[in-house]
Structure formats: structure tokens, C-alpha cells
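Residue numbers (this note's numbering), protein chains in the order written: chain A, 6 to 523; chain B, 679 to 1214. Accompanying notes for the structure given below.
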């Protein structure tokens, strides 16, 4: 939508009025579509629609349900019909974005030739009147043996200011032309290319990909993920089959205070370790943590949320034999099953341990707020660590598999389930807190549209804008006029820049000062 | 060789040595890093909040000297202003840097106390975690930009407009509160300093662009009375919307209430508000006076009624004074209010609807599906409100920090009225002191270009960070959309300027709209709209 802005033009001579036939309708439509005026109108419409979308809570934003419930039936009907609850994905929003893209393309095509002419056909000569019409202009008198030597001297002064110079002759006059940053004239087009890359990449990502969630507890395997679709106050979920299976081998919550709660404010990070079993590419392991997603075959795995019900990642049990004088035994158990270590090896922690006497201890479950539910089964009353206990399956050598509870604290001595069982008093000595499950968000983007959009388009846009606004096309012309019957020359200077007028004024003044002193 | 020079239109150009021009800015920054080094050596040190308060005092002093210098030019006033604004930037940046160290030490202390040997990386503690941090950086951006141009003869005068705004931002920071937040883990990314750093710098540039635009309009002979009309409309808008519309409907102002955070961090807002005596009444009177200002100045503008002009100015000054009194009563009311629970109980007894609204707020925080939410009756909402009051009422307390957006709005309205009163005072002298229209227009364009590029960087770094954290670069979150809207406005501004030749006044109006949108994104979105940026 940008155009070349030349502030100085030749003084127009009065021309006879010629009645021109009106251009064909197609040209008029194209002119309209490529006009900056139309572009600005589209920008303003986008601003208004975005404002509307910001003020009316959108259906995928938390808090929408309460907002929607508070609307009158008429408001619901009107807003819903006009697509205001999902305005950014409405057909008219997309049409405006597409039209804006078209406007950018057409405007660029329309204006590119004139910008290109600055590169290939720079204006090197000009009349005295044209030069003096510039805001920055000066006349300097100087002496020299001949015009060529003076031109070389001026050229040297221009070069000192970082300008590339050329000497030209026209109508018997010698000109020195100096310029720098001529490629800046194409900056606006690079900006537009970057913007279109951004739009296109984002569009491709939206059209070919999807977002989904998957819930993971350690040991859980799945080859299906849940695609979420919002439809006003309804949230629909669709199962999508993956070409591989994922197993969560471990979940970990790094806490600031390991004894504190598993709330967000006490958290440094969440980590989910996954194993991908792919019939085509074999087995892969990955760590997914906040701000550290994992890419695999067009799928990106993100640490999204947790199910904040208290659980344990690792546990330390103290087993006191019920024979007099025997020393307690310490046993480490893990909820995790398989961990890929940083050195590339795989550590298998099966959630079980075997005692010296051959007793097999297997982890069953961890209950943060132990209670027997109405069916008489062990359960957790809340998600808080009010009464933590681990449920174990214990198989003595040559014995039967039996369920055992290990509680923390001395109070367990006073309750029946805390009594010694299978020859030991079972106590939960310590444990590493972790949530019940992690939720991974999965983004499928087979063509890497988002990556292309934001890394190429977005970063390209930053560079292009810096190129446009922090650099400028500076030009200075010097017309050398010889005074009759003397060795004196009159130098007429004119300067122009498309940006940074203050900086250019300093440069121009230095040129004039240097010329005056030479 | 003999020379003869006749340069046209060169007189206004001054070549300063870059060192002299940038010396104050460099000194302020180097000095602040010196303070940082000093802070790293010792534990007993001024707090970051104390540095911020000194910075605020310096900005206010510098602004006063700049404003004095507008009407009574004096090199002494100019030198004092330059020195105090340099000190302001120095203390402002020192505050931000010291806060970085303090945040690090706070959490390391917590970790060690809990027996946790982890030492997270230092960028986790960079003070870009909440609006207070951002305000410090924003004010620094504005102060630093001012120091850059304050030595340019043509633009020195602009400091009289940017320094009060920097002071206003720090005042707002004071009311937001300097408590550290427990950093949500998602913010622990190297993109945070990049993204938020770009935000604060570009917001600072938009502020300067806005100040230039206002000065341009003044220089372009836009009557201070016309400006007063818009300032009054803004002020009435603020008065009408604060305290849930109760100022004009009930002649009452009710301030928010906090309960302490269980983690010991920043207190939590409750769904209740408590009336502060006299504030609502005074604000309502001020609003009525401002209606009078609008009518009087419209009569003057369109019918050239000079008597209306005089009356308008009297009403304007009275409204301004009334708002100052309202703030004094507000602060005093918050500081001296006792027996919160009994006062609140008496209030809700008179207005039971407040219990219903509080109940709605409480239940809405549970994110119930719309069908379940709409099935809840008013009696149930009232019960929920009552339950909240019973459970948390005893812990509730008042603070100046409970309603930072309302306070910011009111302070901005007061600042706006102050400036239009100032512009109306000996306007001709003021106009003579301002740079030429062309220079102002050029500066406005230059700062708008910088702001446009900065806001683009803000959007893109934010999108890349979101892509790394949430798996989606763009989700039309309210803060994202707000930033996009501001950027599109600057895009429209630049394109109209490049291609339609719109410069001067049209550009100035665009620059003002752009800045208002930036401020809305900065403050309004964080507090008023739901979204993923609620912490910022």
C-alpha cells in the first residue's frame, strides 16, 4: 500500500485540457482495490471488528459461560446471528483479511515500478530551479582550475558523508550526484511480502492443522487425542486417531517448597516424559515441559495443564519388622515406569521393589486424603494432602498377593489399617508431590505453517520495518555553474531524503560547510 | 580560496556533538548499573520502592521546572530540570535493577528455607512480571526518550509534556503496588524479557508521540477550549464508569476490598466494595461542572460567546479543584477506614443487590457451564455472597491499590484538565515557545515510525513466545487483540501520511487515538477483560 513519496516535482507547465475517455470498468475496480484509501478503510474496519471481539467475550475465552448466561435471549440471538461470539473466525472477518491481502498485493504491483526506477534509473541531473525548490538547498561559490577538478572535490566531500557519487553532464553543465540507501525504497515491498507470508502461513496452519488435548497419568498409553470444538456454551470433543501411540512414562512437578502445595504459585516447572511408539520410525523418548515443546512428525506437544489432585511421584517407605529388635527397612518406590535419561540410556522403574526376604512390593495407588468410600474402597476425599497414604500390593515369598496401606505419621499406630501386616509395620516416610495427571496440548501443523508465518514472516517483518524506518534514501545533487570571465564557480546544492530529516539536515550542513572551506 | 555561502533555511539546524547530546542519558544508565553493582555487594540497601519514590519526586520536580520554563524562560530552570530529570531516569532504572536482585534474593531465600537446592536462572527474576514492573520500565522508556531529545534546542520544550506523563505512570505504579508476584511458570521464558522489554520501550515511544501530537495541535491553533471539551468528555466518561457506575447514579463512590493472599503475596480482590464518604458526592459535582464546561465552550467555539468562555474557564478550574479534593478524601478514607466488616454489613443490608452481584462474581470464578450458571437463582447468588462475606469478611481491608485502573483513570483525567487549564493560561507566550509546526510534524512522524516498528516487534515476539508456550501463536486473547488494534491504528496513520499526504492535524489525531488504544491495552485489558494476560 506504500507509494513513492517525492516531495519535489518539476514545476508544472500549464497544459491544454484534453478530455480523456473514462478508463474501462476493470481498471477502475483494480485501481480501487489497489488504492491506499481502500487499504486504510479496511484497516479501520479490522480495528472496529477487533474492538468488538475484545469487548464481547469470545466463546473460547474462560468466563464466556457466565457472560453468555447473563445475556437476554434477544442479545443471544442478535450476537449469535451476526457471529459476534466467534468474530475472528466469522466469514466476514476472513473476507476482510483476504481483501486486505489482495489490496497489499495489488498496491505493491501498482507502485513497484516507480520504486524500482530509483534503483535502476536514478535522477542524476536537475535544473537550478528544481534544486532550489528543495527545503534543503544552498549556493556555494568556489574557485577551481576547471569544472572536472571541482566535481572531483565535491565528489570527495559527498563520499566523506557516506554517499556514493556519480558525475554526469547535461546541457553543458556538470552535475555531481550523491546518494545512499537507495534500496530503502523497496523496504515497503519487503514489509508487504513479510506480511503476506505471515497471513499465508497462518492460514495454512489453520486450514490443515488442529489443536487437541490429551490427559496423561504415568503409565497411560493412548493413540487417540481429543479435538476440542467450541459451539457457544457447548464444548464438543472428537477423538482423533494418531499414527503412533504415546505413553506417559513420568510426570513431575518441580516445587519451590517441596513440602508446600502443588498450586501454581509454588511451582517452578511441570515435566511430562513421553515415549512414542511409531510403527514407521520405531521408539522415541521426549521430555515436554513449559516453554519447551516437542516436535514429532508435524505434531507439537506442549505442557498445558495439570489435574491438581495430590499424588506422589516417588515414595520412601519405612518397613519395621514385627520381630523384636529388628531394624526398620527403607524402601524406595516410584510411580514412574520408564525414564529416558539425558545420557541416552533408559531407566526402568517398575513401581515395585523386592525385599531381602523375597517379598515383592508393588505400587498400586496414592491417596492424598485417604478415606474409605461408601462402597468400602480406599479413596481420596479431597485433592489436598490431608491424610496421605499409599496403597500397595504385597506378595510375600510363597505367599498370597495382599493389599497393604502405608500411612504417614504416628497416628497410623492408633487405627486398624495402620496395624502391622505380612510381618511388617508399613509407614510412608516421605514422598515427592506431583499432580494426578498432566494435560498435554497437541498442535498438528503438517506444513509448519505457524513456524513459517511467525519465524519467516514475523521476524522478516521486524527486519523489514527496521530497514524501512531506521534507514533512509538520502540524495544530494550539486550543479556546477561557471561564472563568465572568471575562475569562480557557483555550486547549487539540493538535498532530499525520504526519512530522518533531522539527521539528513546535519549531513547536508556538513557538506555545505566542507564545500565552503575547501 | 575565497568562499561565499548563502544557505537557505539552514539557520534552525544546530550541530551538537553526540556526546553532549546523549551525555545525561548515558550518565543515568551507567550510574544505575553502578548502583546495581553496589547492591550486589551489600545486603543493607535502599529498597526498589524507595528508589521509585525518589525517581517520582525527581520527575515531578523536573516537570515543574520545565513547566515554569515554558512561561518564564530561564537557563537556571532548564539546568535544574535537566539535572533532576537525569536523576529521575537514574533512580527509575536503579529501582528496576534493584528490584531484579530483590526478586532473586526473595525466591532463593524461599527455596533455601524449604531445603530446596535449586537455583533457577537469573532471567526468571527480571522485573517484567506484572504491571508494576512494566510501569517502572514504561516510565523509564518515557524518561530516557526525553533525555535523548532534551538537549536538542528545537524539542527541549517537549520535556514539559513528557515528564509529567512519566511522573503520572510512576504515580500509577505506586497505586498498583510493588508486591512481588509468585511467577507463574509459563512466564519463566527467555522470551519474557524480550517481549516485555520491547513493550515498555515502544509504549514509552508512543507516549512521546502522543505528547508531540498534543503540542502540535496546540501550536496549530487548536483552541485550548476545544481541547477542554474533549478532556471533559474523557473525564466524565471516567467518572461515569468507575465504582460500577455508582458516582452518577447514586452519588456514591465505593472502593474495592482486599483479603490477604494465603501465599503471603499480593492480596486478592474481593467481589465487595465499600463506600467512602464524600468522594462520590464531590466527583458527581465535578462531573456536573464538566457538563457545564462542555456547554460553555461549545457556545464559545460555535457562537463565539466570550462570556461563555469565561464561565467555562471558571467551571473548569472548579471541576479540577473538586477532583483534587475527591482524591484527598479518597486517600484519607482508605487510610482511616475502620470496622470494615460492620460497615459492609450495614451497606449490604441497605443494598441487598450487592450481595447478589458479589455472589455472581464468586460463582463466575468457578467457570461453570452457561446452563448451570443460568440455572442459579438470585436467592442462591445472594446466599453465595453472604457465604463469602461470612468467611472472608473479617479479613477484608481497604487499600489504595484495590482499584488501580480507576485511580489511573481519575489521575489521567486530572492531568488532562490540568494541561488544558495550563494551555488556556497565556496561550500566546506558550505558542511562541513551542517548536515550529514542521519540526513537530517531523518528530511526530519519526516517533510514530518507531512506535509502529516497536509494536510490530511486540506482537511478533509475543506470538513466537505463545507458540513456544501454548502451541498457538495467535489466539485473539484480549491483550493480543488490543496490541494488534493499536498497531493497525499506527499502520493506518502511516499509510494515510505516506500516500494520502495526511500530515499535521490528521496525523496528530491518529497519534492520539493510537496512544489511547495503547493505554487501554496496557491497563484496561489487564483489569477489565478476561484473558491469558490477566497477570500483566
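For glycine and all other residues, C-beta sits at the position ideal for the given N, C-alpha and C.
- In summary, residue 752 of chain B is exposed, with fewer than 16 beta-carbon neighbours lying within 10 Å of its beta-carbon over all protein chains present.
- When DSSP states are grouped into helix, strand and coil, residue 871 of chain B belongs to the helix group.
- For the 9 Å CB-CB criterion, residue 401 of chain A and residue 381 of chain A do not form a contact.
- Per the coordinates, the alpha-carbon of residue 1028 of chain B lies some 40 Å from the alpha-carbon of residue 845 of chain B.
- A residue is called buried once 16 or more other Cβ atoms fall within 10 Å of its Cβ, and residue 1135 of chain B is buried on that count.
- Below the 7 Å Cβ cutoff, chain A contributes no neighbours of residue 945 of chain B, its closest Cβ being approximately 13 Å away.
- DSSP places residue 443 of chain A in the uninterrupted beta strand (DSSP E) bounded by 429-449.
- Residue pairing by DSSP places residue 496 of chain A opposite A:145 and A:485 in a beta bridge.
- In the DSSP annotation of this structure, the continuous segment of the alpha helix (DSSP H) that includes residue 731 of chain B starts and ends at 726-749.
- Not flagged as an interface residue toward chain B: residue 157 of chain A, since no C-beta distance is shorter than 9 Å.
- Just so you know, the alpha carbons of residue 270 of chain A and residue 792 of chain B end up roughly 14 Å apart.
- Going by DSSP, residue 321 of chain A is part of the beta strand (DSSP E) stretching over 304-326.
- Using a CB distance cut-off of 9 Å, residue 791 of chain B counts as an interface residue toward chain A.
- At a cut-off of 9 Å between beta carbons, residue 55 of chain A contacts chain B.
- In this structure, residue 1060 of chain B places its C-beta atom within 9 Å of the C-beta atom of residue 1033 of chain B.
- For the set B:851, B:896, B:1169 and B:945, the Cα lying nearest the Cα of residue 1074 of chain B is the one of B:945.
- The beta carbon of residue 1173 of chain B sits closer than 9 Å to some beta carbon of chain A.
- The beta carbons of residue 487 of chain A and residue 152 of chain A sit closer together than 9 Å.
- Taking a 10 Å sphere around the C-beta of residue 119 of chain A, we find fewer than 16 other C-beta atoms and assign the residue as exposed.
- Put simply, of A:213, A:231 and A:215 the residue whose alpha carbon is nearest the alpha carbon of residue 221 of chain A is A:231.
- Just measuring C-alpha positions, the residue of B:853, B:1048, B:1093 and B:1092 sitting nearest residue 1201 of chain B is B:853.
- Every candidate beta strand (DSSP E) stretch fails here, since none sits fully inside the region 948-1012 of chain B while reaching 3 residues.
- Here residue 852 of chain B carries a helix assignment [DSSP, helix/strand/coil].
- Within its own chain, the residues whose Cβ lies closer than 8 Å to the Cβ of residue 1112 of chain B, once the five positions on either side in sequence are excluded, are 835, 893, 896, 897 and 1118, listed in chain order.
- Against chain B, a Cβ distance below 8 Å from residue 307 of chain A picks out 1147, 1148 and 1149.
- With contact defined as three or more Cβ pairs closer than 8 Å, the region 450-469 of chain A and the region 197-205 of chain A are in contact.
- Residue 396 of chain A is bridged by DSSP to A:370 and A:410.
- Cβ neighbours of residue 478 of chain A within its own chain (closer than 6 Å, five residues either side excluded): 186, 187, 189, 190 and 503.
- With a contact defined as Cβ atoms closer than 8 Å, residue 193 of chain A and residue 499 of chain A miss out at about 24 Å.
- When DSSP assignments are scanned along the region 211-242 of chain A, the uninterrupted stretches of beta strand (DSSP E) that are 3 or more residues long and fall wholly within it turn out to be 215-221 and 226-236.
- For residue 33 of chain A, the uninterrupted alpha helix (DSSP H) segment begins and ends at 30-38.
- Not a single CB atom of chain B sits nearer than 9 Å to the CB of residue 340 of chain A.
- Contact between the region 1097-1116 of chain B and the region 920-935 of chain B is not established, with fewer than three Cβ pairs separated by less than 8 Å.
- For the C-beta of residue 74 of chain A, the chain B residues within less than 7 Å are, from N- to C-terminus, 1048, 1051 and 1052.
- Of the other Cβ atoms in all chains shown, 16 or more fall within 10 Å of the Cβ of residue 1127 of chain B; this residue is therefore buried.
- At a beta-carbon threshold of 7 Å, the residues of chain B lying near residue 459 of chain A are 1138, 1141, 1142, 1145 and 1151, ordered along the chain.
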